[in-house]
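Visitor: Using my numbering, the first residue of the sequence shown is number 379, and each one after it goes up by one. Positions of the beta carbon are idealized from the N, C-alpha and C atoms, including for glycine.
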Amino acid sequence: MKQYAEIPGIGVIREEYQQDFVDLEASGDGSWRVGQDGVWRIVAPLDRKVEFVVFEDKTLGLVKSSLGPHAYYPLLEDTFSPPAEAVLMDLDGTSVRSEHFWMWIIEQSIARLKRDPGFRLAPEDEPHVSGHSVSEHLQYCIDKYAPGGSLEEARRHYFEKTSFEMKEISHGRGRYDAFHPSPGLKEFLMELKGRGIKIGLVTSGLYEKAWPEILSAFKTLNMGDPLNFYDAIITAGHRLTKGQTGTLGELAPKPHPWLYAETAYVGLGVDRSRRHKVIGLEDSGAGVVSIRLAGFAAIGISDGNIERSGVRPLLRAYCRSLLDALPLILG
Numbered sequence: 379m380k381q382y383a384e385i386p387g388i389g390v391i392r393e394e395y396q397q398d399f400v401d402l403e404a405s406g407d408g409s410w411r412v413g414q415d416g417v418w419r420i421v422a423p424l425d426r427k428v429e430f431v432v433f434e435d436k437t438l439g440l441v442k443s444s445l446g447p448h449a450y451y452p453l454l455e456d457t458f459s460p461p462a463e464a465v466l467m468d469l470d471g472t473s474v475r476s477e478h479f480w481m482w483i484i485e486q487s488i489a490r491l492k493r494d495p496g497f498r499l500a501p502e503d504e505p506h507v508s509g510h511s512v513s514e515h516l517q518y519c520i521d522k523y524a525p526g527g528s529l530e531e532a533r534r535h536y537f538e539k540t541s542f543e544m545k546e547i548s549h550g551r552g553r554y555d556a557f558h559p560s561p562g563l564k565e566f567l568m569e570l571k572g573r574g575i576k577i578g579l580v581t582s583g584l585y586e587k588a589w590p591e592i593l594s595a596f597k598t599l600n601m602g603d604p605l606n607f608y609d610a611i612i613t614a615g616h617r618l619t620k621g622q623t624g625t626l627g628e629l630a631p632k633p634h635p636w637l638y639a640e641t642a643y644v645g646l647g648v649d650r651s652r653r654h655k656v657i658g659l660e661d662s663g664a665g666v667v668s669i670r671l672a673g674f675a676a677i678g679i680s681d682g683n684i685e686r687s688g689v690r691p692l693l694r695a696y697c698r699s700l701l702d703a704l705p706l707i708l709g
């Protein structure tokens with residue numbers, strides 16, 4: 379237990395989660411080294427997508443990017459005190475079961491890039507191809523499976539495949555199992571709504587990818603217009619393509635904190651002094667890190683990649699379903 383005792387912003391890690399973190403001698407960008415400049419430890423979750431530089435009185439989270447610059451953020455203490463005044467919810471995997479569909483799209487895009495119809499992702503790729511941005515997912519695959527391949531070409535394959543599959547689904551064809559509301563989603567949302575708790579929906583997915591999922595789930599559940607139901611919905615914006623403008627988002631999504639921070643502070647109007655009344659729900663390692671670096675407590679939902687990512691020490695709780703999380707949110 380002493381090995382992981384009292385990390386600022388994390389506290390004492392539960393015994394069963396201690397193997398989720400690995401110790402490093404230096405940070406990935408070379409800026410920090412254990413035993414120098416006040417650095418007590420440097421630890422990383424199993425997927426190595428983020429590193430935590432630990433000092434006596436603070437912890438800095440280093441988010442590494444395969445495309446943009448690396449960035450450091452303070453890891454604030456989980457101060458959540460129920461009942462919640464606002465709940466931040468991930469889309470893929472947490473609200474709608476769709477991650478395997480989108481990983482399949484990534485797989486098909488790389489297969490086209492490699493001109494190898496038989497290409498398949500490996501199980502260990504999952505934490506790197508879910509929860510981040512489209513470009514980050516594709517760049518990871520290019521680096522591993524198609525060195526020297528063009529990200530621009532991979533993106534073209536991705537959006538062509540996405541457009542085709544979405545049209546097929548809208549006409550009752552295509553993959554019937556692409557989108558399903560998570561078990562208990564309607565009951566969970568209605569309970570929060572009935573108690574006057576603000577609800578924000580957050581996704582690293584671009585608008586054209588995310589919006590059909592949201593509409594599909596609400597149609598299935600007979601819940602009307604999601605724009606009227608949610609208090610805020612934040613996506614990674616619109617893709618940059620020739621002939622039209624894009625929006626900032628591809629290099630600033632999860633595990634960076636900005637999507638969750640914007641949803642809470644701008645979309646829901648939460649005052650920073652009330653962050654202890656906000657909690658987020660995620661099924662991905664990148665999402666959990668994003669919530670925590672935004673300054674909020676996080677509840678993990680199983681069936682995603684949280685265990686494989688190694689971020690359980692960052693969670694307030696790890697639940698099997700949305701309904702299991704309700705008592706923790708309501709107090």
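Could you tell me the boundaries of the beta strand (DSSP E) in which I577 lies?
Guide: In the sequence shown, residue 577 corresponds to position 199, counting from 1. Note, I577: beta strand (DSSP E), 576-580.
Visitor: How about R411 and V432: do their beta carbons lie closer than 8 Å?
Guide: Within the sequence shown, numbered from 1, the residue matching residue 411 stands at position 33. Within the sequence shown, numbered from 1, the residue matching residue 432 stands at position 54. Result no, Cβ atoms of R411 and V432 do not sit closer than 8 Å.
Visitor: Comparing alpha-carbon positions, which option in P631, E477, S473 lies nearest E565?
Guide: Sequence index remark: in the sequence shown, residue 565 carries index 187 (1-based). The option with the nearest alpha carbon to E565 is S473.
Visitor: Can you tell me whether E403 is buried or exposed? The criterion is at least 16 other CB atoms within 10 Å of its CB, across all chains shown.
Guide: Within the sequence shown, residue 403 is the residue found at index 25, counting from 1. Exposed: under 16 other Cβ atoms inside 10 Å.
Visitor: Any chance you could list the alpha helix (DSSP H) runs of at least 4 consecutive residues sitting entirely within the region 655-680, in chain order?
Guide: 663-671
Visitor: Answer yes if the region 628-635 comes into contact with the region 499-512, meaning at least three C-beta pairs across the two stretches below 8 Å, and no otherwise.
Guide: yes
Visitor: For L438, does the three-state DSSP call read helix, strand or coil?
Guide: Position 60 of the sequence shown, counting from 1, holds the residue named residue 438. Note: L438 maps to strand in three-state DSSP.
Visitor: Any heavy atom of the ligand ADP closer than 7 Å to the CB of D415?
Guide: As presented, the structure is devoid of all ligands, the ligand ADP included, so that no description of it is given.
Visitor: Looking at C-alpha atoms only, which residue of I707, E530, G552 is the closest neighbour of K655?
Guide: Working through the sequence shown from its first residue, we reach residue 655 at position 277. With distances taken between Cα atoms, K655 lies closest to I707.
Visitor: Suppose the cutoff is 8 Å on Cβ atoms and the five residues either side in sequence are ignored; what does the same chain contact list for R694 look like?
Guide: Numbered from 1 along the sequence shown, position 316 holds the residue referred to as residue 694. Correct list, in chain order: D456, F458, I657, A675, A676, I677, L706.
Visitor: According to the neighbour-count rule (16 or more other Cβ atoms, all chains shown, within 10 Å of its Cβ), is S651 buried or exposed?
Guide: By 1-based counting over the sequence shown, the position of residue 651 is 273. The residue in question, S651, is exposed, as its Cβ has fewer than 16 Cβ neighbours within 10 Å.
Visitor: Rounded to the nearest angstrom, how far is the Cβ of S699 from that of P561, given a contact under 8 Å?
Guide: In the sequence shown, residue 699 corresponds to position 321, counting from 1. In the sequence shown, residue 561 corresponds to position 183, counting from 1. Confirmed, about 6 Å.
Visitor: Who pairs with V648 in a beta bridge, going by DSSP?
Guide: As a working mapping, residue 648 is identified with position 270 in the sequence shown. None, per the DSSP bridge assignment.
Visitor: I need the straight-line Cα distance from Q381 to V390, nearest angstrom please.
Guide: Within the sequence shown, the letter at position 3 stands for residue 381. Within the sequence shown, the letter at position 12 stands for residue 390. At Q381, the pLDDT of 48 sits below 50, so the modelled position is not reliable and the matter cannot be decided from this model.
Visitor: Closest to E685 by C-alpha separation, out of F596, E504, K522, would be which residue?
Guide: As a first step, residue 685 is located in the sequence shown; it is residue number 307 there, counting from the start. It is E504 whose Cα lies nearest to the Cα of E685.
Visitor: Check Y608 in the structure and name its three-state DSSP category.
Guide: Mapped onto the sequence shown, residue 608 falls at position 230. Note: Y608 maps to coil in three-state DSSP.
Visitor: Comparing C-alpha positions only, which one of K522, T581, T598 sits nearest to L563?
Guide: One-based indexing of the sequence shown puts residue 563 at position 185. Out of K522, T581, T598, T598 has the C-alpha closest to the C-alpha of L563.
Visitor: Identify the continuous alpha helix (DSSP H) that holds I520 and give its terminal residues.
Guide: Residue numbering aside, residue 520 sits at position 142 when the sequence shown is read from its first letter. Run containing I520: 512-523, per the alpha helix (DSSP H) assignment.
Visitor: Pull up the DSSP beta-bridge partners for L466, would you.
Guide: As a working mapping, residue 466 is identified with position 88 in the sequence shown. Answer by DSSP bridge pairing, in chain order: G578, G658.
Visitor: Between the Cα of Y518 and those of I484, R490, I547, K436, spot the shortest distance and give me the residue it belongs to.
Guide: Position 140 of the sequence shown, counting from 1, holds the residue named residue 518. With distances taken between Cα atoms, Y518 lies closest to I484.
Visitor: Going by beta carbon distance, what residues of the same chain come within less than 8 Å of S405, once the five residues before and after it are set aside?
Guide: Here residue 405 refers to the residue found at position 27 of the sequence shown. Same-chain partners within the cutoff: R411, I420, E429, V431, L440.
Visitor: Give the straight-line distance between the Cα atoms of I385 and T437, rounded to the nearest whole angstrom.
Guide: Sequence index remark: in the sequence shown, residue 385 carries index 7 (1-based). Sequence index remark: in the sequence shown, residue 437 carries index 59 (1-based). Rounded to the nearest angstrom, the two C-alpha atoms are 7 Å apart.
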